[in-house]
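Asks: The sequence shown begins at 1 in my numbering and counts up one residue at a time. C-beta: ideal position from N, C-alpha, C; glycine also. Model, not experiment: these values are computed from the prediction. Sharing a structure here in structure tokens format.
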Amino acid sequence: MIYNSRQQNIAQLIENDPLKSKWKNWKWQLRHAVKSLDKFEELLGVQFSNSEREELKKTFNKFPLAITPYYLSLIDKKNFRNDPVFKQSFGGIEELITLKSEHEDPLSEERDSPVEGITHRYPDRVLFHVSNICSMYCRHCTRKRKVGDIDFVPSKEQLKKGIDYIANTPQVRDVLLSGGDPFMLPDDKIDWLLSEIGAIPHVEIIRIGTRMPVVLPYRITDNLVSILKKYQPLWINTHFNHPNEITASAKEALAKLADGGFPLGNQSVLLADVNDCPRIMKSLLHKLVQNRVRPYYLYQCDLSEGLSHFRTPVGKGIEIMESLVGHTSGFARPTYVIDAPGGGGKIPVMPNYIISWSTNKVVLRNYEGVITTYKEPDRYEQKMCDRECENCNLDLNLNEVDETRAIGIEKLLSDTDGTISLIPEDNERILRRDEDAG
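Okay, here's the thing in structure tokens:
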């Protein structure tokens, strides 16, 4: 059922009017988001002790509370302290524990921001922060420093700064709209924003990262889908962390988006005591692909302030990936990544399947533990690449080829660059050489 008795009871308590049409109105849901401890207790029908209430108030003073009535209705109040929805949405005193390894901006998004609202980390794509507001504040959010900032609902003039940067940076071919949640913007503003970015000649695709199908699926209206359809190719990534979140309403929202022609992906975060279990993760992934959503990333929890209770060892993520590779379809497996502290970007982390190799053989193992070999070619003549593509004898009749200079590891592999090492700028041995030379 899309509208069940638990939801009816919550609607009755909120407004003494359990009409289904109101419950499914996303603006009604936003107006009645649960933002106080008292309201949470009333609607869920639970009671915290006086001492616990005082601790929770301290937490919410620093990291605000906001839960949509819909998402609240998913919590099993009989066992709410162990409920995965409760843990992601409610929070606790443990959020006030900040370790030395945790940071306000662990991914250095501010340092990689050339203009307001833009994070430009990778060569060909940018992250565009178009809102700091969400319908529900996830307790594990990496941008806890920003999300909930009611003073940052960007005007068109503010958004224009980011649009102008994208227009003046021709290497940007991919724009990811993020936040907060981009779908917190009104329909007409989304329409305007997509039209402005879509009109930039070198932008090939636009992506939108949203948690609305998870926490407020009623936001995915027919009108919103009709607006989005005007700006293909448009990719949409959402953020389901647990199979309990894939409800009838969530499925309906995903179906609208998939039927609209948008490729759908999902980014999950590995969270202790929420989804750090191979069985739970496999169930989530299978439900996603059943609803035409391809698992994209499984994130190691970031080093944001107050998230230590959510973080697992990396070994737990490796264990989960071991349970997936070979045990389920390839397209049902996400890429497990660590978003490198300091802004290094996403680093894939996988079990090791290469056991050893020589000049003519690679020794590998499969998911069952079977050890096998792959024979390398007896003859392989290296083609020196000078990046003069016009004179290459390979079939390079490609349209709109854009050759960019090699950086990072690609630079070390390139035949056109004499660089043999990438050396950290504070390397003591090299600094000592420079001093001696001076």
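Apply the 10 Å Cβ neighbour rule to Trp357 and answer buried if 16 or more other Cβ atoms are within range, or exposed otherwise.
Replies: It counts as exposed.
Asks: Should Leu37 and Leu56 be called a contact, given that it needs their Cβ atoms to be closer than 8 Å?
Replies: For Leu37 and Leu56, yes; Cβs fall inside 8 Å.
Asks: Measuring only the C-alpha atoms, how far is Pro123 from Ile338?
Replies: Their backbone Cα atoms lie some 19 Å apart in a straight line.
Asks: If I follow the unbroken alpha helix (DSSP H) through Ser226, where does it start and stop?
Replies: That run of the alpha helix (DSSP H) goes 222-228.
Asks: Please name the residue in Pro341, Glu305, Arg311, Tyr367 whose C-alpha comes closest to that of Leu324.
Replies: For Leu324, the nearest C-alpha among the options comes from Tyr367.
Asks: Val215 and Asn241: beta carbons closer than 8 Å?
Replies: Their beta carbons are not under 8 Å apart, which means Val215 does not touch Asn241 by this criterion.
Asks: Are the CB atoms of Thr210 and Asp181 nearer to each other than 8 Å?
Replies: The answer is yes: Cβ separation under 8 Å.
Asks: Just how far apart, CA to CA, sit Asn391 and His202?
Replies: Each residue's Cα considered, the two are about 26 Å apart.
Asks: Closest to Thr68 by C-alpha separation, out of Arg53, Phe80, Leu99, Lys35, would be which residue?
Replies: Of the candidates Arg53, Phe80, Leu99, Lys35, the one whose C-alpha sits nearest the C-alpha of Thr68 is Lys35.
Asks: With a Cβ-Cβ cutoff of 8 Å, do Tyr296 and Asn266 count as a contact?
Replies: Result yes, Cβ atoms of Tyr296 and Asn266 sit closer than 8 Å.
Asks: Kindly confirm or deny that the stretch 284-295 and the stretch 310-319 touch, where touching means at least three C-beta pairs closer than 8 Å.
Replies: Touching, no.
Asks: Per the DSSP calculation, Asp276 is bridged to which residue(s)?
Replies: Answer by DSSP bridge pairing: none, since Asp276 is not bridged.
Asks: Around the C-beta of Leu271, are 16 or more other C-beta atoms found within 10 angstroms, so that it is buried, or is it exposed?
Replies: Buried is the call here.
Asks: For Ala258, which three-state DSSP category applies?
Replies: Helix at Ala258.
Asks: Taking just the CA atoms, how far does Ala406 sit from Asp151?
Replies: Because Asp151 carries a pLDDT of 49, less than 50, the predicted location of this residue cannot be relied on, and the following value inherits that uncertainty. Distance between the alpha carbons of Asp151 and Ala406 is about 41 Å.
Asks: If you compare alpha carbons, which of Gly326, Val85, Gly117, Arg433 is closest to His239?
Replies: Ranking Gly326, Val85, Gly117, Arg433 by Cα distance to His239 puts Val85 first.
Asks: Specify whether the stretch 153-167 and the stretch 111-119 touch according to this definition: at least 3 beta carbon pairs, one from each stretch, less than 8 Å apart.
Replies: Taking 8 Å as the limit for Cβ pairs, the verdict is that the stretch 111-119 does touch the stretch 153-167.
Asks: Just curious, the beta strand (DSSP E) that Tyr336 is in, first and last residue?
Replies: 335-340 is the extent of the beta strand (DSSP E) around Tyr336.
Asks: Against chain D, with Cβ distances strictly below 8 Å, would Val349 count as a contact?
Replies: Absent from the structure: chain D. Only one protein chain is present.
Asks: To the nearest angstrom, how far is it from the Cα of Lys231 to the Cα of Arg125?
Replies: According to the sequence as given, residue 231 is Tyr; it is not Lys. If I take the Cα positions, the gap works out to 18 Å.
Asks: In angstroms with no decimal places, state the Cα-to-Cα distance between Thr419 and Arg429.
Replies: Those two C-alpha atoms are separated by around 18 Å.
Asks: Rounded to a whole number of angstroms, what is the C-alpha to C-alpha distance between Ser304 and Tyr374?
Replies: Each residue's alpha carbon lies about 43 Å from the other.
Asks: For Thr210, which of helix, strand or coil comes out of DSSP?
Replies: Note: Thr210 maps to coil in three-state DSSP.
Asks: Going by alpha carbons, who is nearest to Ile320 out of Asn79, Ala250, Ile280, Trp235?
Replies: When only C-alpha atoms are compared, the closest one is Ile280.
Asks: What first and last residue would you give for the beta strand (DSSP E) that runs through Thr59?
Replies: First-last for Thr59: 50-62, but that is the alpha helix (DSSP H), not the beta strand (DSSP E).
Asks: Under 8 Å Cβ to Cβ from Gln47, same chain only, skipping five residues before and after it: list those, please.
Replies: Only Glu41 meet the Cβ criterion.
Asks: With a threshold of 16 other CB atoms inside 10 Å of the CB of His327, please say whether the residue is buried or exposed.
Replies: The residue is exposed, with fewer than 16 neighbouring Cβ atoms inside 10 Å.
Asks: Can you tell me which of the three DSSP states Phe240 falls into?
Replies: Residue state, collapsed to three classes: coil.
Asks: Note down, in chain order, each residue of its chain lying with its Cβ closer than 8 Å to the Cβ of Ser329, except the 5 sequence neighbours on either side.
Replies: Hits under 8 Å: Val289.
Asks: Tell me, to the nearest whole angstrom, how far the beta carbon of Leu177 is from that of Val130; I am working on the premise that it is less than 8 Å.
Replies: Yes, they are in contact, since the Cβ atoms of Leu177 and Val130 sit about 5 Å apart, within 8 Å.
Asks: Which partner residues does Pro263 have in the DSSP bridge list?
Replies: Beta-bridge pairing links Pro263 to no other residue.
Asks: Count the other CB atoms within 10 Å of the CB of Asn237; is the residue buried (16 or more) or exposed (fewer)?
Replies: By the neighbour-count rule (16 or more Cβ atoms within 10 Å), Asn237 is buried.
Asks: State the start and end residues of the unbroken alpha helix (DSSP H) segment that holds Asp436.
Replies: Asp436 -> alpha helix (DSSP H) spans 428-437.
Asks: If I measure Cβ to Cβ from Ile490 and keep anything under 8 Å in the same chain, skipping five residues before and after, which residues do I get?
Replies: In this structure the chain extends from 1 to 438, so residue 490 is not present and cannot be described.
Asks: Taking Phe86 as part of the alpha helix (DSSP H), name the residues at either end of that continuous run.
Replies: 84-89 is the span of the alpha helix (DSSP H), which, as asked, contains Phe86.
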